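In our numbering, the protein residues as written are 21 to 233.
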C-alpha cells in the first residue's frame with residue numbers, strides 16, 4: 021500500500037496558501053488550474069510508475085470536505101479537480117488494472133460521491149460518523165465503492181467507554197459490512213487522547229463481529 025494522500029488540492033494550497041487558492045479558484049481560475057496541472061502531472065507520473073511496479077493499493081486524497089459542508093463547491097470540484105483526478109487515476113489503471121485506488125477526504129462529500137465512482141475510485145475513507153452516515157452510503161453506493169473507516173475518533177474512541185467502542189464498531193459492521201466492501205477502522209489517526217483500553221476494545225470487537233460467514 022502506497023500512501024500518496026494530499027494529491028492535488030492539498031499540495032496546491034500548501035504551495036499557494038489555502039485562502040489565496042480558494043480566492044484564485046473564483047477570481048483567477050487560470051492561475052489555480054495551472055497550479056493544479058503542474059501538481060497533477062508530477063503526482064500522476066509517480067503514482068503510475070508505482071502502480072507499474074505492482075503496488076496493490078494507492079492511497080490518494082485531498083480534504084475537500086468539512087464537517088458542515090464542502091470546502092469548495094461541487095461545481096468547482098467537478099470543473100477543476102475531477103478531470104485532473106480522472107486523468108491521474110486513468111494513468112494508474114493503464115499501468116496496472118489491478119491496483120486499487122483509495123481516496124481520503126475528511127468531512128461531508130456526499131454531493132460528489134457519484135463523481136468519485138465515475139472516475140474510478142475504489143475505496144472511500146474515512147467516512148466520519150460525526151457527519152457521514154455509513155449505512156446510507158453502503159445502501160446507495162455499496163455496489164460500486166468500498167468504505168474504510170467509520171468509527172469516530174472525535175467522539176466514541178476518545179470519550180466513550182470500552183463498551184461504547186465495542187457497540188459502535190459492531191454497529192458499523194452491521195450497517196456496512198454485508199456482502200463485503202467494508203474495512204472497519206477508526207475514522208482517522210489514533211491520537212494520544214484515545215485510551216489504550218478503547219484501542220483494545222476496538223480490536224476485540226473487530227475480532228468478535230468482523231468475520232464474514
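Note that the Cβ used here is the ideal one computed from N, Cα and C, for glycine as well. On a predicted model such as this, the values are computed, not experimentally measured, just so you know.
I need the DSSP call for residue i, collapsed to helix, strand or coil.
i           : result
residue 166 : strand
residue 41  : helix
residue 10  : The first residue shown for the chain is 21 and the last is 233, placing residue 10 beyond what the model contains.
residue 155 : helix
residue 95  : helix
residue 48  : coil
residue 116 : coil
residue 55  : helix
So the candidates are the options; which of them puts its Cα closest to the Cα of residue i?
i           : options               : result
residue 127 : 74, 143, 29 and 149   : 149
residue 28  : 45, 178 and 64        : 64
residue 99  : 114, 222 and 135      : 135
residue 5   : 211, 44 and 191       : No answer is possible for residue 5: it lies beyond the span of the chain, which begins at 21 and ends at 233.
residue 219 : 104, 171, 23 and 36   : 171
residue 226 : 213, 209, 214 and 205 : 205
residue 82  : 73, 76 and 92         : 92
residue 119 : 232, 141, 214 and 103 : 141
residue 163 : 179, 196, 114 and 181 : 196
residue 22  : 31, 72 and 51         : 72
Buried or exposed for residue i, going by 16 or more other Cβ atoms inside 10 Å?
i           : result
residue 123 : buried
residue 199 : exposed
residue 85  : buried
residue 6   : Nothing in the structure corresponds to residue 6, since the chain is present only between 21 and 233.
residue 216 : exposed
residue 132 : buried
residue 88  : exposed
residue 180 : buried
By DSSP's criteria, residue i is part of a beta bridge. Which residues make up the other side?
i           : result
residue 121 : 78
residue 171 : 206
residue 199 : In the DSSP output, where bridge partners are listed per residue, residue 199 has none listed.
residue 22  : 78
residue 85  : 90
- Inside the stretch 127-152 only - alpha helix (DSSP H) runs reaching at least 4 residues: Correct list: 133-138.
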